[in-house]
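A.B. asks: First residue of the sequence shown? That's 1 in the UniProt record's numbering, and the numbers climb one at a time after it.
Here you go, one structure.
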Amino acid sequence: MMGLKTSEQKMKGILKESNSYKLICGRYIKVPEESHVLLLMLSIIAVAGLLRAFLKHTRVPILAVLLIFGFIVGQVGRQYKEVSMVIYPILATNNYALFHFFTPLIIFMAAMDMDFYILKKLFWQVAMLGCSNFFMTFILIGYFTLEYNKYKWELGSCLLFGVVLGITDPLLAVRPLKNLGVPKMLIDLIRGEALASYGIASVILGILKTMELQSPVPKEMHILLHLCHDIFGSILFGFWCSKIVQYLLSDIFSDTVADVNVCFSMTYFIFYVAEWLGMSGVVSIMTLGLLLDSISFRPGIDVIVIRFLILLTFLCQAFICSIIGIILGCEDLSYLKFHSGFFTILTYFILSLVRVLTILLVSPLLMNSGFGFNWRWGCVIVCSGIKGSLCLISAPAFNDMIMPMKSPPQAFLAHIVAATILTMVLNSELSIRSSVVLGLCVVSIPRQMAVHNAIRHIGEMVDNTIALSKTEKILTNVIWTKVEEITKIEYPVQYMAAQIKQNLGEEDMSNIEEDLLEEARMHVSIIQMSSFEKQCKDGNLNEEAARILIGASKSYSATKGKFMSIHDVSTYVKTKSVLMRVKNLLLYLVYSNEREKFTPPKSKFAFLAYHIVFSDEFEYAGHILSLLYVYPMMMHLLPVVRAINVIGLIIVNYYFVLLYITEAVLKIAVMKRKYFSYSWNQMELFIIVHGLVDIFFVHFVTLIGEDPVIVQITTVLEYFRFFRFLRIFKMILPTLIELIEAQIKKRLSLMYSLTKGYIRSQEDIKRLIRQIAGQEPVSQKLYEILEKNKEEAIKELGLIEHECRDVVIALKTKQAIRSVLGKALKNLRFLRSRGIIDKIEGTKMNKIFLSKIKELNHFPTVIPPPTPEKFLHHIVWLEDKDVLIEFFKEKAHLACFDYGAVICKEGEMPQGIYLIISGMASLHGTRLKFGIDPQVYHNPENTKMSFTDYCTSGDIIGELSCLLKQELEFTATCETILQACFISLEDLYEGFDVFWPFLEYKMWLKIALNIASQYFEEYLASEELAYQKVVEFNNIYVETLLSYNELTIYDNTMEHVFVVHGSVIDVHTEAPYYAPCLIPKNCTQIQGTSEISKLLVVRAPESVLKSDSSLQGLNEEQMYLPGRQRRGE
């Protein structure tokens, strides 16, 4: 029991009267008259909640107030029997029960707050800082207590006093810094140091408990074994438990209650199982918390689960502080004199001195680690040594280890509580003050300008919303001046940034561009991580790929000036090259009966040997022969058995050598000299030669007697018989090759997912470039960097697709299925929220969709690529119609190109379109003109900029140029050996004429949708842009506008109008709009300014229901009839 024994005895004296109460099991037990412990617990919860509500905007430490509250309750309990009856069950509780009840959840939440990827980067720094601080506290506090404490504590008690004070609370240490704008790297460094200190203290506690229970083993060896068991065993146990928890949380049929239950229950279950197995439950829980992240939870569940666990963690801290206060309040504190207070103050200053010495000791190493550590960070770390609930709950447990002292029983706990309150009050304030005074919270000029740009962008969006709202008839009587006045955004940083721009000259602004680019780089990293998480939650990126990408982003974000490229993520290359070497080695070793290389001999013996050697039975007999030798070899290794069966083993050896010789003779009779060129045959020859030499020496020993030299040589030769088992390896070679091929394909599939997710994140970033970088030079430079990284990623994607088409096809098919099912689930939720689908029916349909998604886990990893004839079915504007496919199948022919060959050149007239079947081509050229007449709009900067794109299997080269009969705007070069299906320009226009006008319109629709998905995705997030869906729902169509022709837009039938080719002007304001762009809704009439302009029109929801198709009066059968038949010719 804890040092509460004296308090418990006193309370027992007060509660002498007792009654017998019947338990559920039927037995009787004597307990105090009434137990109101539940009232105490609810009171603590209520007081903690009220304090959090009233003190949340102050710097008053709530836990320190709860300690005082508990102390007051304990003092009242000493005087009044009614109160003592309430608190008695707390005093009668075992120390370790309290420790094990509250600790797991606090440690789990502290570890979850720690960024695992930053911990990997700072592991040695965190370990060095945590260990040095803990052990210096342990030694200096122990020495100081031994020398200057008047309670005459023994050396062990003083050292344990230092161990407890060496624990830093990982939650309280960083809480004052979270909302100040302090660098996240510094916060994680402080939190990691606190976790390390508590991990060491928990391991020490475990060793002391074990030494107390068992002691026959030598102490040094016992401590070493227990240390390894506590650290490495606990980490390994926590790692595998985290995999189990991630698997349970990834169940798509789970719900919020189940996820909360899994997190809460598994935390305690893993802790108790680890303790039961003799490991450290604290280290296991730390490992579990570090390995769980937001990706481990289903979309939207992580916020709910974490909020619930934060609530429980706060309650655990509140219970700890209140209970420790009650325990201390129940004691007679008359022994506390002036010396006790002075000793506590000195202890606090020693703790601060230890942190200063620690920083001075490790700062040279931390400064050279390259993550931005400086003396300002060191000052904040010194001030962040806050002791908290973990220190308090550990004190009774360590107090239990202390031998009886000649001092008041609760002096140990009293000084721990006093030091904890001092650190809570003083260090919290010092952390905040030091961060502010040292400039760690100052918003830098680039940051101010970035905030200014973001606020300006929000203001523009507000102004646009007001401008569009003014056009609505229902809002005509709104007082818009009042709306504009109230919605006007006023933010101090906005004026600060504007003032900076006025005060800084051109030279100063040019010098600050580098800082602005660095600030933009940090925003790019944040947007990338957000994009990866969104892709994972949408089902477009698997969890493993998302974790790798997020980890790489966090790692490279700490490197100044480093933009993460796809090559930084491509850790698979090294692994893949190793796997390929192993595979090539195994392929070299594989043995195959190449019967066709050998002609049947004419002689009868050789002819018979030919049929024997190249039969499957002969191969199986060789494998059985290798397996049969296992039993004699085992007998040979056992001295007693060998001595009994010497003659039998010699005969068996003769027999096996004879079989090997027979096998070799049969093969030589058939293969002749070629027999010696195979590696397995060479090994068989070695086995035969070794067997003959072995037989000679065994026979020689029996002739001349046991000569020591001959016996030693014979013994060595006998051990070489193990080479006979290498023949077994020949059996498992095909299986090993299949396993390695599966691993290679798995790595390539992972890399394809990584690259695709990276490209998608680059596209998401490009949409926000203007908001990230306010200045045009910074924006332009950022765009060039992102475009270059995207081009490298697209090239890498094409190479992967060329290398393993079957893997990529399977992955694309799986992702397409997942995307379709995800959209179906989204539509189902929408229909359920509107009451269109009943709740019961919606639940059933939801289970059907979720079961289909779960079946994708068993989707094949390889799908054979389609034949060239089947690729015509992949041209979307043919819509898989037999009449169209048969027409172009007769016209198309196969074209093959070598690596480096030029398919078409910029400036030349197109010869036709190329549908890539296999391989990859790169497109290089000047910036795409999008059909804009240079006389209408000419930008000199565009002529200096070039574009690069890559086309892979299924892509079409030359569609737009063939439609317009204009020069090509790019040069297409083969990056690999390439096969393509070629349709000439004449054949294409013959198809246009035969299937007029539908085929040409469908091509334009496909091109317009590609441009829309690339440039206008943010405006079309709720629209289905897949070609087949557009044709099915008829929600989007293409409108043609010739030069000087006018068109009325944004009537009741149009939702959005995009210029995808050419240019137009607003008839009323003459404002120009150049492709690709979105025409604003205040523009109602436009005029074409290019030779031909193409508009992509998104129908309003009401008009979609009313319209039959973009071409009136034609049914499905008429649409694909030849043009002359439709025109009646």
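From the three backbone atoms N, C-alpha and C, an ideal C-beta is built for every residue, glycine too.
Please state whether the Cβ-Cβ distance between L40 and V76 is less than 9 Å.
C.D. replies: Cβ atoms of L40 and V76: not closer than 9 Å.
A.B. asks: Could you give the distance in angstroms between the alpha-carbon of I713 and the alpha-carbon of I695?
C.D. replies: Those two C-alpha atoms are separated by around 12 Å.
A.B. asks: I'd like to know if the segment 347-355 and the segment 91-98 are in contact, where contact means that at least 3 CB-CB pairs between them fall below 8 Å.
C.D. replies: Segments in contact, no.
A.B. asks: Which residues in the same chain have their Cβ closer than 6 Å to the Cβ of T948, if we skip the five residues on either side of it in sequence?
C.D. replies: If we look at T948 and ignore the five residues flanking it on each side, its Cβ neighbours are E791, H924.
A.B. asks: What does a CB cutoff of less than 7 Å around T605 pick up in its chain, not counting 5 residues either side in sequence?
C.D. replies: The question names Thr, but residue 605 is Phe in the sequence shown. Correct list, in chain order: A669.
A.B. asks: Quick one: what does DSSP say T487 is sitting in, helix, strand or coil?
C.D. replies: In the structure shown, T487 sits in a helix (DSSP, three-state: H, G or I).
A.B. asks: Helix or strand or just coil, what does DSSP make of D838?
C.D. replies: Here D838 sits in coil by DSSP.
A.B. asks: Assuming contact is defined by CB atoms lying nearer than 9 Å, are S363 and G378 in contact in what I supplied?
C.D. replies: The answer is yes: Cβ separation under 9 Å.
A.B. asks: Just to confirm my understanding: we take V380, look at its own chain, exclude 5 residues before and 5 after, and list those with CB closer than 6 Å. What are they?
C.D. replies: S434, S435.
A.B. asks: Is the beta carbon of L328 closer than 9 Å to that of G70?
C.D. replies: Yes, the Cβ-Cβ distance between G70 and L328 is below 9 Å.
A.B. asks: Considering Cα atoms alone, identify which of I324, V876, L430 is closest to N399.
C.D. replies: Comparing Cα-Cα distances from N399 to each of I324, V876, L430, the minimum goes to I324.
A.B. asks: Kindly confirm or deny that the segment 538-551 and the segment 740-754 touch, where touching means at least three C-beta pairs closer than 8 Å.
C.D. replies: The segment 538-551 vs the segment 740-754: in contact.
A.B. asks: For L541, collect the residues of the same chain with a Cβ closer than 7 Å to its Cβ; drop the 5 residues on either side in sequence, then sort them by chain order.
C.D. replies: Hits under 7 Å: F532, Q535, S753, G757.
A.B. asks: Which stretch, first to last residue, makes up the beta strand (DSSP E) that contains V1097?
C.D. replies: Run containing V1097: 1092-1099, per the beta strand (DSSP E) assignment.
A.B. asks: Here's a check: name, in chain order, each residue in its chain whose Cβ is nearer than 7 Å to the Cβ of S761, leaving out the five neighbours to either side.
C.D. replies: Q528, S531, F532.
A.B. asks: In this structure, how does DSSP classify I647 when only helix, strand and coil are distinguished?
C.D. replies: Reduced to three states, the DSSP call for I647 is helix.
A.B. asks: Please list the segments of the alpha helix (DSSP H) lying wholly inside the segment 226-259, counting only runs of 4 or more residues, in order along the chain.
C.D. replies: Entirely contained in the segment 226-259, the alpha helix (DSSP H) runs reaching 4 residues are, in chain order, 234-249.
A.B. asks: Helix, strand or coil for C981, going by three-state DSSP, please let me know.
C.D. replies: Note: C981 maps to strand in three-state DSSP.
A.B. asks: For A53, is the classification buried or exposed, using 16 other Cβ atoms within 10 angstroms of its Cβ as the cut-off for buried?
C.D. replies: Flag for A53 reads exposed.
A.B. asks: Per DSSP, what kind of secondary structure is residue 1139 in: helix, strand or coil?
C.D. replies: Residue 1139 is absent from the model: the chain starts at 1 and stops at 1129.
A.B. asks: Does the Cβ-Cβ distance between M286 and G238 come in under 9 Å?
C.D. replies: Result yes, Cβ atoms of M286 and G238 sit closer than 9 Å.
A.B. asks: Are L171 and D113 touching if we call contact CB-CB under 9 Å?
C.D. replies: Yes, the Cβ-Cβ distance between L171 and D113 is below 9 Å.
A.B. asks: Does DSSP put M114 in a helix, a strand or coil?
C.D. replies: Note: M114 maps to coil in three-state DSSP.
A.B. asks: Would you tell me roughly how many angstroms separate the C-alpha atoms of C316 and V245, rounded to the nearest one?
C.D. replies: Spanning the two alpha carbons is a distance of roughly 23 Å.
A.B. asks: Quick one: what's got a C-beta closer than 6 Å to I304's C-beta in the same chain, skipping five residues either side?
C.D. replies: Around I304: T256.
A.B. asks: Is the segment 121-137 touching the segment 187-201, taking contact as three or more C-beta pairs under 8 Å?
C.D. replies: Enough Cβ pairs lie closer than 8 Å, so yes.
A.B. asks: So the candidates are I956, C962, I917; which of them puts its Cα closest to the Cα of M909?
C.D. replies: Taking only the C-alpha atoms, the option nearest M909 is C962.
A.B. asks: Could you check the C-alpha separation between G907 and K889 for me, to the nearest Å?
C.D. replies: Going by the C-alpha atoms only, they are around 29 Å apart.
A.B. asks: Helix, strand or coil: how does DSSP classify K814 here?
C.D. replies: It is helical.
A.B. asks: To the nearest angstrom, report how far apart G822 and D538 are at their CA atoms.
C.D. replies: For G822 and D538, the distance between alpha carbons rounds to 7 Å.
A.B. asks: Give me the DSSP bridge partner(s) of Y1073.
C.D. replies: Y1073 pairs with V1064.
A.B. asks: For A621, count the other beta carbons within 10 Å of its own beta carbon; 16 or more makes it buried, fewer makes it exposed. Which is it?
C.D. replies: Answer is exposed; the Cβ neighbour count stays below 16.
A.B. asks: I'd like the list of long-range same chain contacts for F144, defined as Cβ closer than 8 Å, with 5 residues on each side in sequence excluded.
C.D. replies: Excluding sequence neighbours, F144 sits near L346, T347, I350.
A.B. asks: Suppose the cutoff is 6 Å on Cβ atoms and the five residues either side in sequence are ignored; what does the same chain contact list for Y198 look like?
C.D. replies: Closer than 6 Å at the Cβ level, and outside the excluded window around Y198, lie I167, L390.
A.B. asks: Take every Cβ of the segment 452-459, pair it with every Cβ of the segment 420-440, and state whether three or more of those distances are shorter than 8 Å.
C.D. replies: No, because fewer than three Cβ pairs between the segment 452-459 and the segment 420-440 fall closer than 8 Å, the two stretches do not touch.
A.B. asks: Round the Cβ separation of I1065 and V1057 to the nearest angstrom and send it over; I've been treating them as touching at under 8 Å.
C.D. replies: That pair is no contact at about 14 Å.
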